[in-house]
Each structure stands twice: as C-alpha cells, then as structure tokens.
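Just so we're aligned, residue 2 is where the sequence shown starts under the numbering used here, counting upward by one.
Positions of the beta carbon are idealized from the N, C-alpha and C atoms, including for glycine.
What follows is a single structure, written as structure tokens, with notes after it.
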Amino acid sequence: PSCSDGILNQGEADVDCGGPCAPGKTCEIGQHCNVSTDCTSGTCNSTNQCDGPSCTDGILNQGEADVDCGGPCTPIRTCEIGQHCNVSTDCTSGICNSTNQCDGPSCSDGILNQGEADIDCGGPCAPGKTCEIGQHCNVSTDCTGGICNSTNQCDGMCRL
Numbered sequence: 002p003s004c005s006d007g008i009l010n011q012g013e014a015d016v017d018c019g020g021p022c023a024p025g026k027t028c029e030i031g032q033h034c035n036v037s038t039d040c041t042s043g044t045c046n047s048t049n050q051c052d053g054p055s056c057t058d059g060i061l062n063q064g065e066a067d068v069d070c071g072g073p074c075t076p077i078r079t080c081e082i083g084q085h086c087n088v089s090t091d092c093t094s095g096i097c098n099s100t101n102q103c104d105g106p107s108c109s110d111g112i113l114n115q116g117e118a119d120i121d122c123g124g125p126c127a128p129g130k131t132c133e134i135g136q137h138c139n140v141s142t143d144c145t146g147g148i149c150n151s152t153n154q155c156d157g158m159c160r161l
C-alpha cells in the first residue's frame with residue numbers, strides 16, 4: 002500500500018489522499034474526507050466532502066477581513082465590532098478604525114452618524130463637542146456659540 006497505488010487503503014480519506022497521505026497528498030474539492038486537514042481547501046463539510054472556501058466555513062480564507070466576514074462576504078456578511086477589517090465596508094457599523102478593528106460610532110470617527118448635527122459635533126456629542134460657525138445644527142445647543150440660525154447653520158452673531 003502507498004499514497005500513489007490508485008487504491009483506497011491504509012486509512013486514506015479517498016483514493017491516495019488524506020489520512021496518512023496528508024499533508025503531502027490532500028484531497029481535492031468533491032473527494033471524501035474525515036477531517037479538514039484531509040482537504041487541500043482546508044474544508045471538510047458536514048457530508049464528509051472536501052468543499053471550497055465559503056463565507057460560512059469558519060475559516061479565514063478567500064480574502065475575508067475576519068473569519069467569514071468582510072471582503073468577498075460583504076455586504077451579506079459584514080464584520081461586527083471588535084473583528085478585524087481592512088476597509089469601512091467590511092464592518093456592519095461602517096467604521097474600520099486605525100487599528101483595523103470594526104468600531105462603533107463615536108464623536109471622533111469622522112463620520113456623520115448617531116444623530117450628530119454635523120460630523121462629530123452636536124446632537125449626542127454636545128456639550129462636549131459642539132459645532133463651530135458654519136457647521137450644520139438642529140438646535141442652538143449644537144453650536145459652540147449657542148446660535149443655530151434659520152438655515153440650520155451655527156452662527157456667531159445675533160441678528161435683529
């Protein structure tokens with residue numbers, strides 16, 4: 002018996018591959034397998050067949066940002082807060098921070114979100130981060146100067 006005799010023997014997963022023949026001779030997609038290491042793809046599915054990479058295989062592959070999310074899995078399977086990301090579209094939140102982690106919205110993410118009046122100011126960010134003159138506002142408390150004019154811009158002067 003050998004890993005090149007054309008016979009299923011010696012504990013091989015399929016003819017001349019897997020089992021004692023792996024990792025030198027792993028099984029290809031569609032061949033029988035017992036464990037993922039029997040397969041060239043690294044995926045042995047629930048029907049004991051070597052399977053190609055997918056967005057549900059529990060393996061970081063095919064250019065995914067994190068296991069089974071981001072990259073080619075986007076937009077169906079985006080990454081959650083705390084998972085690795087390469088670009089903002091990898092993340093459910095739309096925020097991939099400077100350490101390549103999906104992050105939740107904040108008052109310093111450079112994105113107009115979470116009810117902010119303008120980017121990273123006003124709304125839930127005020128009073129700590131109010132908007133400057135010329136930035137969009139909804140109410141006077143959104144503005145550093147305390148004046149939100151009729152065109153919904155922070156203003157610095159009272160007008161009569």
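### Distance, Gly116 Cα to Gly31 Cα
50 Å
### Query
Is Asp119 helix, strand or coil by DSSP?
strand
#### Entry: Beta-carbon proximity list for Thr90, same chain, < 7 Å, skipping 5 on both sides
Thr75
### Message
What does the alpha-carbon distance come out to for the pair Gly20 and Ser99?
### Response
43 Å
### Query
Taking buried to mean at least 16 other C-beta atoms within 10 Å of its own C-beta, is Ser7 buried or exposed?
Note that residue 7 corresponds to Gly in the displayed sequence, not to Ser. Gly7 is exposed by the Cβ-count criterion.
### Presumed contact (8 Å Cβ cut-off) between Asp166 and Cys56, rounded CB distance
No answer is possible for residue 166: the residues shown for the chain start at 2 and end at 161.
### Message
Let me check understanding here. Comparing Cα to Cα, which of Gly129, Thr44, Cys97 lies closest to Gln84?
### Response
Per the Cα distances, Cys97.
### Task
Please report how far the alpha carbon of Gln102 lies from the alpha carbon of Ile82, in whole angstroms.
7 Å
### Option nearest Gln63 by Cα separation, candidates Thr44, Asn49, Thr48
Thr44
#### Entry: Nearest residue (CA-CA) to His137, options Asp58, Pro128, Cys149
Of the listed residues, the one whose Cα sits closest to His137 is Cys149.
### Message
Measuring straight from C-alpha to C-alpha, what distance separates Cys28 and Ser5?
### Response
13 Å
### Query
Mind checking Gly123: buried by the 16 CB within 10 Å criterion, or exposed?
buried
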